[in-house]
Amino acid sequence: SQKIEQNSEALNIQEGKTATLTCNYTNYSPAYLQWYRQDPGRGPVFLLLIRENEKEKRKERLKVTFDTTLKQSLFHITASQPADSATYLCALGLYNQGGKLIFGQGTELSVKP
Amino acid sequence: DSGVTQTPKHLITATGQRVTLRCSPRSGDLSVYWYQQSLDQGLQFLIHYYNGEERAKGNILERFSAQQFPDLHSELNLSSLELGDSALYFCASSVGTLNEKLFFGSGTQLSVL
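Chains V and W are the protein sequences, given in the same order.
FYI, in the numbering used here the residues of the first sequence are 586 to 698.
FYI, in the numbering used here the residues of the second sequence are 496 to 608.
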């Protein structure tokens, strides 16, 4: 069956450390993958998009990798800050599905000062 | 502020009733998407409209329907409501239809009692 899985447990890290979040998928052939941030009671906010032919993308303190062989994406936040505390969602974009995204359940990140 | 406006923010209704959720996309965006978010199911794609035409459908119930009007705003109609329809309903918009980052509204929290 088709699945997209993120770390189910909350991730607690110390300020200044690097947070690494995982997104694994099975039985999908995504054209691209996106990461979103969601705060409680708010809509998701787009962070990064990486295409199937790209290995890595960076934006400021954020880095995402995409390994289509392992069927996995890793999302890194370096020099993390308490303001980075939120739920992070990965989403797959499929061929011939237009803009439709398949979302993971999300990983809750808590950065302690 | 994403530029996507959803009304109302909260809606409380009874089983068997019908409600309409409204969404105004960002200026210039032609695509509108509807997503449902619940604790157990996560963020689930319902339907996508592009410039007034339906482009993709997810696991949207037959009791649910949507449309996009000539001014590009969209409405999601939910009828014969059941307790299980209680969820956060998000609208998102994007410029086109492919490999697009989505801009989400703040959502409508629907409670069916």
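Note that beta-carbon positions come from the ideal geometry of N, C-alpha and C, so glycine has one too.
Original post:
Three-state secondary structure (DSSP) at D652(V)?
Top reply: strand
Original post:
Rounded C-beta distance between S586(V) and N612(V)? I'm assuming under 8 Å.
Top reply: 7 Å
Subject >> Contact set between R627(V) and chain W, taken where Cβ atoms lie within less than 7 Å >> reply: S601
**OP:** Establish whether the CB of Q690(V) and some CB of chain W are separated by less than 7 Å.
**Re:** yes
Subject >> Start and end residues, beta strand (DSSP E) containing G601(V) >> reply: G601(V) -> no beta strand (DSSP E), and no H or E assigned at all.
Subject >> Sufficient close CB pairs (3 or more, under 8 Å) joining the segment 673–691 of chain V to the segment 541–554 of chain W >> reply: yes
Subject >> Residues that L674(V) contacts on chain W, provided the C-beta gap is smaller than 9 Å >> reply: G537, L538
**OP:** For F660(V), decide whether its Cβ has a neighbour in chain W, counting only Cβ atoms nearer than 7 Å.
**Re:** no
Subject >> Bridge partners - Y718(V), DSSP secondary structure assignment >> reply: This structure cannot speak to residue 718(V), because chain V is shown only from 586 to 698.
**OP:** State yes or no: is the beta carbon of T592(W) nearer than 7 Å to at least one beta carbon in chain V?
**Re:** yes
Original post:
Unbroken beta strand (DSSP E) runs of length 3 or more, entirely within the segment 520–553 of chain W: which are they?
Top reply: 526–533, 537–545, 548–552
Subject >> For N572(W), the nearest candidate out of E557(W), L578(W), G579(W) (CA to CA) >> reply: E557(W)
**OP:** Assign A509(W) to buried or exposed, taking buried as 16 or more other Cβ atoms, counted over all protein chains shown, within 10 Å of its Cβ.
**Re:** exposed
Original post:
Can you pull the DSSP bridge partners for L686(V)?
Top reply: G678(V)
Original post:
Based on the DSSP secondary-structure assignment, which residues constitute the bridge partners of S589(W)?
Top reply: S526(W)
Original post:
Which chain V residues sit within Cβ distance under 7 Å of L589(W)?
Top reply: For the sequence presented, residue 589(W) should be read as Ser rather than Leu. Chain V residues near S589(W): G684.
Original post:
So, is the C-beta of S522(W) closer than 7 Å to a C-beta in chain V?
Top reply: no
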